[in-house]
Amino acid sequence: MGGCRNSSIELLRIIAMFMILMHHFIVHNGYDVLKLPLGPERIFFQLVMQGGGKVGVVIFFSISAWFFLDKEQTIKSNLKRVWIMERELLFWSLILVAFYLVFDRTDLGMKLMVKSIAPLSMGLWWYATAYAIFLALLPFLSRGLKALGREYHLALAATVLTIWGLLSFIPGAQSLSDNVFGFIYVFILISAYKWYMKPFTTKQIWLLTGIGFGFFLLYTVASATLSLMGHDMGIFITGSWKLPVVMVGFGMFLLFDRVTFHSRAVNRIAQSAFSVYLITDYAASEKLLWVRLFNLQNLYQQPWAILLILGILLAIYAICTLLDFIRQALFAVTIDKRRGRWFELLWDKACERKNSQLPPPR
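According to the UniProt record's numbering, the residues represented by the sequence shown are 1 to 362, in order.
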């Protein structure tokens with residue numbers, strides 16, 4: 001047995017992060033994918049790799065959100081999560097800035113160096129900062145949604161689905177970007193489903209996922225048609241938090257949640273998924289990896305280009321995972337011996353000070 005975690009969900013976590021890595025390869029690459037001739041390779045790069053990354057973000061967040069709903073969220077527990085996450089962020093930001101100072105100063109600017117000192121507060125990684133804000137708000141958000149009750153919660157879900165879901169099909173309409181509001185939007189939908197709706201059958205989940213993917217294909221055809229007419233554009237519907245993206249992402253999560261198996265190896269690798277993101281989405285790493293080393297212009301003309309690129313990304317994922325194993329080992333013999341101890345001390349001190357300033361009871 002690989003512990004109490006369902007390895008099906010942990011496997012999905014790994015897949016989601018690999019989808020995000022594929023997305024970064026395309027969007028941060030030194031060669032614009034729209035410059036490629038229209039063909040199967042370009043469609044794969046745009047639809048599967050670029051579009052799949054946004055699905056991966058929905059999946060990655062949905063895994064956390066789903067299990068947050070199983071227990072009461074407190075201010076202390078969520079701030080402690082932020083504290084523990086900040087240690088990992090600070091470790092990687094300082095290691096990476098030191099690495100690039102020594103080996104690759106051309107990709108390291110002063111602004112990035114300053115951000116690396118306070119990665120969470122300065123938004124060095126958008127997902128980490130948005131997630132920390134979400135955690136800080138979660139106790140209030142969760143209680144507020146519970147207080148709404150079934151009728152108003154479902155009405156709220158329908159409202160945000162209209163504002164940010166249905167309107168997302170229209171170019172130029174109100175939309176969400178990569179920030180905490182996307183997390184809140186998805187959390188409202190997931191909590192409404194888990195608390196008040198009858199669980200979907202497997203057939204309904206496949207239908208949900210299939211419809212979402214069908215919209216992907218429809219907009220891909222539209223994008224290809226426009227390209228043939230001389231208007232090279234991306235596949236609009238695969239953007240952040242678009243309704244089909246949420247449908248496919250949440251549908252995939254529900255499908256994997258229906259399967260249970262346990263694997264120590266899968267769970268171990270999944271523990272490092274977030275570090276893969278931190279290492280590869282560091283601004284200097286983006287330039288080194290996607291502009292200089294693995295430029296699409298040099299790769300797409302190679303035989304079996306798609307398989308070659310996927311192999312390169314798998315190798316990068318594996319290397320980052322091994323690096324994080326080293327980080328985990330260092331943490332295990334140092335700050336994780338009493339995990340969160342400094343937070344507990346600061347929390348107790350703050351509570352003592354707060355209580356000392358309260359007026360005496362009359």
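Built from N, CA and C at the ideal position, the CB exists for glycine as well.
Just so you know, these numbers come straight off a predicted model, no measurement behind them.
- DSSP places D348 in the helix class (H, G or I) of the three-state scheme.
- Beyond the five residues adjoining it in sequence on each side, P171 comes within less than 7 Å, by CB distance, of F236 in the same chain, given in chain order.
- In summary, H231 is exposed, with fewer than 16 beta-carbon neighbours lying within 10 Å of its beta-carbon over all protein chains present.
- One alpha carbon belongs to A273, the other to W66, and they sit about 18 Å apart.
- Secondary structure at M113: helix, using DSSP grouped into helix, strand and coil.
- The C-beta separation of L167 from A158 comes to about 13 Å, leaving the pair out of contact by the 8 Å criterion.
- Residue burial annotation: R150 is exposed, with fewer than 16 other C-beta atoms found within 10 angstroms of its C-beta.
- The three-state reading of DSSP puts I335 in coil, since its state is none of H, G, I, E or B.
- For F68, the enclosing alpha helix (DSSP H) begins and ends at 51 to 68.
- Secondary structure at C4: coil, using DSSP grouped into helix, strand and coil.
- Annotation: the stretch 168 to 227 contains the following complete segments of the alpha helix (DSSP H) (minimum length 4 residues), in chain order: 180 to 196.
- With 16 or more other Cβ atoms from the protein chains shown falling within 10 Å of its own Cβ, K54 counts as buried.
- For E286, same chain residues with a beta-carbon under 6 Å away, outside a window of 5 residues either side, are H28 in chain order.
- For M252, the enclosing alpha helix (DSSP H) starts and ends at 243 to 257.
- Listed in chain order, the non-local C-beta contacts of W92 below 6 Å within the same chain comprise L278, local neighbours out to five positions each way being set aside.
- Inter-residue distance for K146 and Q328 is about 37 Å (C-alpha atoms, whole angstroms).
- When rounded, the separation of the alpha-carbon atoms in M247 and G51 is 13 Å.
- In the structure shown, E72 adopts coil according to DSSP, grouped into three states.
- Contact annotation: the stretch 125 to 134 touches the stretch 80 to 95, with at least three C-beta pairs closer than 8 Å.
- A Cβ-Cβ distance of about 5 Å is found for the pair W164 and L176, placing them in contact under the 8 Å criterion.
- Taking all protein chains in view, the Cβ of I117 is surrounded by fewer than 16 other Cβ atoms within 10 Å, so the residue is classified as exposed.
- Annotated as proximal: G251 and T209, with beta-carbon spacing under 9 Å.
- The three-state secondary structure of Q46, taken from DSSP, is helix.
- According to the DSSP assignment, F236 belongs to no alpha helix (DSSP H), since it is labelled neither H nor E.
- Rounded to the nearest whole angstrom, the CA to CA distance from N179 to L156 is 20 Å.
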